[in-house]
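So for the sequence shown, the working numbering puts the first residue at 1; every next one is plus one.
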Amino acid sequence: MIVDGANVVGSVPDGWWRDRAGAAVRLRDSLATVPAAGLPDVPAPVEVLLVVEGKARNIPQGPSGVRIERASGSGDDKIVDLVRETAANRRTIVVTADRGLRDRVTALGAEVRGPSAVPR
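Shown next as structure tokens:
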């Protein structure tokens with residue numbers, strides 16, 4: 001599962017824009033249950049990659065089992081690259097509400113879920 005960090009964080013107007021890195025850390029921590037527990041339609045174990053960019057790019061890895069993937073440029077481009085690496089060999093789910101990104105990753109064989117599919 002590849003999580004579009006900026007998009008998922010931005011889906012809830014809770015003041016995340018005042019502290020983008022802090023919001024990304026909160027998302028990372030809320031995803032910590034997913035690797036072992038899975039999601040309703042995604043059985044465990046689940047590899048979770050959280051793509052971060054911009055001011056959130058340097059958040060620490062953390063002990064949660066969620067792997068941080070740092071985008072040096074566009075987070076969407078990083079996600080597409082990760083899908084290219086994984087979708088041909090295993091089920092790959094991208095969590096985002098970005099319509100353009102949805103089109104790009106489904107063309108590569110990934111499934112897409114909206115931000116409400118993951119704990120936040």
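Glycine included, C-beta positions come from ideal geometry on N, C-alpha and C. Predicted model only: the values in this text are computed from it and were never measured.
- Query: Roughly how many angstroms separate the alpha carbons of G10 and N89, rounded to a whole number?
  - Reply: Translated into the one-based positions of the sequence shown, residue 10 becomes position 10. Translated into the one-based positions of the sequence shown, residue 89 becomes position 89. Each residue's alpha carbon lies about 30 Å from the other.
- Item | Continuous alpha helix (DSSP H) stretch holding D29: start and end | Position 29 of the sequence shown, counting from 1, holds the residue named residue 29. Counting along the chain, the alpha helix (DSSP H) containing D29 begins and ends at R20 to S30.
- Message: Check for me: the alpha helix (DSSP H) holding I79 runs from which residue to which?
- Response: Here the question's residue 79 lines up with position 79 in the sequence shown. Per DSSP, I79 belongs to the alpha helix (DSSP H) from G75 to T86.
- Write down the C-beta distance between L27 and A117 rounded to the nearest angstrom, noting that I regard them as a contact closer than 8 Å. As a working note, residue 27 is residue 27 in the sequence shown. As a working note, residue 117 is residue 117 in the sequence shown. Actually they do not touch by this definition, with Cβ atoms about 13 Å apart.
- Message: Does A110 pass the burial test, meaning 16 or more other C-beta atoms within 10 Å, or should it be called exposed?
- Response: Position 110 of the sequence shown, counting from 1, holds the residue named residue 110. Answer is buried; the Cβ neighbour count reaches 16.
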